[in-house]
Amino acid sequence: MTSTGLSKSTGTSASNDGRTPALVHRAWLIALVAGATIVAAAAFAAMPGLLMDPLHTEYDWSRGSIGLAASVNMIVYGLIAPFAAALMDRFGIRRIALVALATVIAGAGLTTVITDSWQLTLYWGFLVGAGTGSLAMTFAATIANNWFVERRGLVIGALTGASAFGQLVFLPALAWIIEQQGWRPAIVTLALTAFVMMLLVALILRDHPADVGHRPYGAASFVAKPRTEQGAARRTIRVLRDSVRSRQFWLLAGTFAVCGATTNGIMWTHFVPAAQDHGMAVTVAAGLVSAIGVFSLVGTIVSGWLTDRFDPRGLLVAYYLGRAVLLAGLPALFGPNAGSALVAFVVVFGLLDVATVPPTILLCRRVFGADGAIVFGWVNAIHQVGAGSMAVFGGFTRDVTGGYGPVWLMAAALCAVAAVLALRIARGGAEPEDGVTATRTTGQDNDDERTRV
Numbered sequence: 066m067t068s069t070g071l072s073k074s075t076g077t078s079a080s081n082d083g084r085t086p087a088l089v090h091r092a093w094l095i096a097l098v099a100g101a102t103i104v105a106a107a108a109f110a111a112m113p114g115l116l117m118d119p120l121h122t123e124y125d126w127s128r129g130s131i132g133l134a135a136s137v138n139m140i141v142y143g144l145i146a147p148f149a150a151a152l153m154d155r156f157g158i159r160r161i162a163l164v165a166l167a168t169v170i171a172g173a174g175l176t177t178v179i180t181d182s183w184q185l186t187l188y189w190g191f192l193v194g195a196g197t198g199s200l201a202m203t204f205a206a207t208i209a210n211n212w213f214v215e216r217r218g219l220v221i222g223a224l225t226g227a228s229a230f231g232q233l234v235f236l237p238a239l240a241w242i243i244e245q246q247g248w249r250p251a252i253v254t255l256a257l258t259a260f261v262m263m264l265l266v267a268l269i270l271r272d273h274p275a276d277v278g279h280r281p282y283g284a285a286s287f288v289a290k291p292r293t294e295q296g297a298a299r300r301t302i303r304v305l306r307d308s309v310r311s312r313q314f315w316l317l318a319g320t321f322a323v324c325g326a327t328t329n330g331i332m333w334t335h336f337v338p339a340a341q342d343h344g345m346a347v348t349v350a351a352g353l354v355s356a357i358g359v360f361s362l363v364g365t366i367v368s369g370w371l372t373d374r375f376d377p378r379g380l381l382v383a384y385y386l387g388r389a390v391l392l393a394g395l396p397a398l399f400g401p402n403a404g405s406a407l408v409a410f411v412v413v414f415g416l417l418d419v420a421t422v423p424p425t426i427l428l429c430r431r432v433f434g435a436d437g438a439i440v441f442g443w444v445n446a447i448h449q450v451g452a453g454s455m456a457v458f459g460g461f462t463r464d465v466t467g468g469y470g471p472v473w474l475m476a477a478a479l480c481a482v483a484a485v486l487a488l489r490i491a492r493g494g495a496e497p498e499d500g501v502t503a504t505r506t507t508g509q510d511n512d513d514e515r516t517r518v
């Protein structure tokens, strides 16, 4: 069925019943609400670094045990993502987003009444991790795949950049609340924010353009809503079983695990306490992490634009090499004040921070076709395993050695390895058209063809 309306080049869309097209395509409103939801969920990711010292002081827990809770959060965050992608295909984006936000609110509320470290691991690690993991990169990829044909790389870049922007918006305020009022009011603030987002999601978010009689942004014709596939969990496991037979999966997962280790695992969890070790005030350190968030938003949008135009593999090589150089030099930049060199680090690292996401998502879709979003969910799960491993390693290294120096150097070495792995990733085929079932390219039989560069 072909809808009437403006040409594909304009990007606006008419409904399939011939109504006059809106000046602004509804896809952009959906992307805006999705971005705001990701911002709210991402704010929770900034908390472990701010909670490290308050919990250590109040309960005399080791930094390693607090880091363990942060690690569980990151791993659950990653492992839930592929199932969330399949559940969104099965039950709809809006329903799963509402359940995820409710889970986040429950976990945050229970965290305010903890008395033992295992409770922190359960409430913050499992509940908040599961909720926020359902509203992360696979959520962004599903929104972009359903609602956009043109500008998909740009939208993915903007939505994944919203994660860093969430830390930008909330981190300085959360640091101030913790310093002035304590850590519990800061968590309550986040829970209230998640509740507001539940209302917006319920009122505005829709699963597919066909639900409101529109075609995807940039589509030449109306696209029917895909048939609901039964057995979301079975499909997710099947995609994993098929994709792990491919060397390409492990190359993508390996590079993205390093991405997680050198961002969520070390920067978001240990940068603030590492800066405090050198005499820097917590609010100043939080402000620097927030500034990384500012430039992460810029960097990921630019990366999405570049991904639409250049070989995503070359972009990954450049990003990881740049990150390696920055992390190797970071220990020499710390001090009681934020000098110009540290500010320069923040700017450049921010530009590279989330820039790896659009090329990785696009490569997953090109290599694995219609299963690309779920495959990326599993790749993202390994990203979070890398993040969680580094969070634990950083905490125990600080407890044992009294400093973070070895952690930064290991992170730099891992980035250099990721750059080498990125060179081995196949280019992949053309992206499948929306509404057309692409040939699945997972499995060992097709691996030789996909690995030709």
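Anchor point for the sequence shown: position 130 equals 195 in my numbering, and the numbering is continuous, going up by one each time.
No residue lacks a Cβ here, since even glycine has one placed at the ideal position from N, Cα and C.
In this text the structure is predicted, and so the values were computed from the model without any measurement.
Where does residue i sit, in a helix, a strand or coil, going by DSSP?
{"i": "Val282", "result": "Per the sequence shown, the amino acid found at residue 282 is Tyr instead of Val. Tyr282: strand per DSSP, three-state reduction."}
{"i": "Phe375", "result": "coil"}
{"i": "Phe287", "result": "coil"}
{"i": "Phe414", "result": "helix"}
{"i": "Phe235", "result": "helix"}
{"i": "Val419", "result": "coil"}
{"i": "Tyr384", "result": "helix"}
{"i": "Ser405", "result": "helix"}
{"i": "Val349", "result": "helix"}
{"i": "His343", "result": "coil"}
{"i": "Val337", "result": "helix"}
{"i": "Arg430", "result": "helix"}
{"i": "Ala149", "result": "helix"}
{"i": "His520", "result": "Given that the chain is displayed from residue 66 to residue 518, the structure contains no residue 520 and the question cannot be resolved."}
{"i": "Trp126", "result": "coil"}
{"i": "Arg310", "result": "coil"}
{"i": "Gly157", "result": "coil"}
{"i": "Gly400", "result": "coil"}
{"i": "Ala111", "result": "coil"}
{"i": "Val363", "result": "helix"}
{"i": "Asp181", "result": "coil"}
{"i": "Ala389", "result": "helix"}
{"i": "Arg492", "result": "coil"}
{"i": "Leu175", "result": "helix"}
{"i": "Thr327", "result": "coil"}
{"i": "Leu116", "result": "helix"}
{"i": "Ala201", "result": "coil"}
{"i": "Gly222", "result": "helix"}
In terms of DSSP beta bridges, what is residue i paired with?
{"i": "Phe213", "result": "Tyr282"}
Please check the pair residue i and residue j, which I expect to be a contact at CB under 8 Å, by giving their CB distance rounded to whole angstroms.
{"i": "Ile161", "j": "Ala149", "result": "6 Å"}
{"i": "Ser136", "j": "Ala438", "result": "So it is not a contact: roughly 26 Å between Cβ atoms."}
{"i": "Ala420", "j": "Gly364", "result": "5 Å"}
{"i": "Ile208", "j": "Pro119", "result": "Not a contact, Cβ separation roughly 35 Å."}
{"i": "Ala491", "j": "Val432", "result": "6 Å"}
{"i": "Val472", "j": "His279", "result": "That pair is no contact at about 49 Å."}
{"i": "Leu316", "j": "Leu479", "result": "Going by Cβ atoms, the distance from Leu316 to Leu479 rounds to 15 Å, so no, they are not a contact pair."}
{"i": "Thr258", "j": "Ala108", "result": "7 Å"}
{"i": "Leu305", "j": "Trp443", "result": "5 Å"}
{"i": "Leu392", "j": "Ala477", "result": "4 Å"}
{"i": "Ala481", "j": "Ala409", "result": "That pair is no contact at about 21 Å."}
Taking only beta-carbon positions, decide if residue i is within less than 8 Å of chain C.
{"i": "Leu163", "result": "Included in the structure is just one protein chain, with no chain C present."}
Practice prompt. May I ask you to verify whether the segment 246–266 touches the segment 345–361, counting CB pairs closer than 8 Å and requiring at least 3?
Written response: Contact fails: fewer than three Cβ-Cβ distances are below 8 Å.
Worksheet entry | Stretch pair the segment 340–347 + the segment 445–460: three plus CB contacts closer than 8 Å | Contact fails: fewer than three Cβ-Cβ distances are below 8 Å.
Discussion item. Measuring CB atoms only, is the segment 459–477 touching the segment 160–180, in the sense that at least three cross pairs come out at less than 8 Å?
Written reply: no
Discussion item. Quick check: the segment 377–397 against the segment 261–279, are at least 3 beta-carbon pairs closer than 8 Å?
Written reply: no
Item to complete: Spell out a yes or no on whether the segment 300–310 and the segment 190–202 are touching, meaning 3 or more CB-CB pairs, one atom from each, closer than 8 Å.
Response: no
Worksheet item: What runs of the alpha helix (DSSP H), each 4 residues or longer, lie entirely inside the segment 226–275?
Response: 248–269
Practice prompt. Answer yes if the segment 268–275 comes into contact with the segment 374–386, meaning at least three C-beta pairs across the two stretches below 8 Å, and no otherwise.
Written response: no
Item to complete: Inspect the CB distances between the segment 312–328 and the segment 96–116 and report whether three or more fall short of 8 Å.
Response: no
Worksheet item: Looking at C-beta atoms only, is the number of pairs between the segment 422–439 and the segment 192–207 that lie closer than 8 Å three or more?
Response: yes
Discussion item. Closer than 8 Å is the cut-off here; do at least three beta carbon pairs connect the segment 227–244 with the segment 368–382?
Written reply: The segment 227–244 makes no contact with the segment 368–382: fewer than 3 CB pairs, one atom from each, lie closer than 8 Å.
Worksheet item: Taking only runs of the alpha helix (DSSP H) that begin and end inside the segment 432–472, which ones reach a length of at least 4 residues, in chain order?
Response: 437–466
Fill in: Given 8 Å, three or more beta-carbon pairs between the segment 233–250 and the segment 101–113
yes
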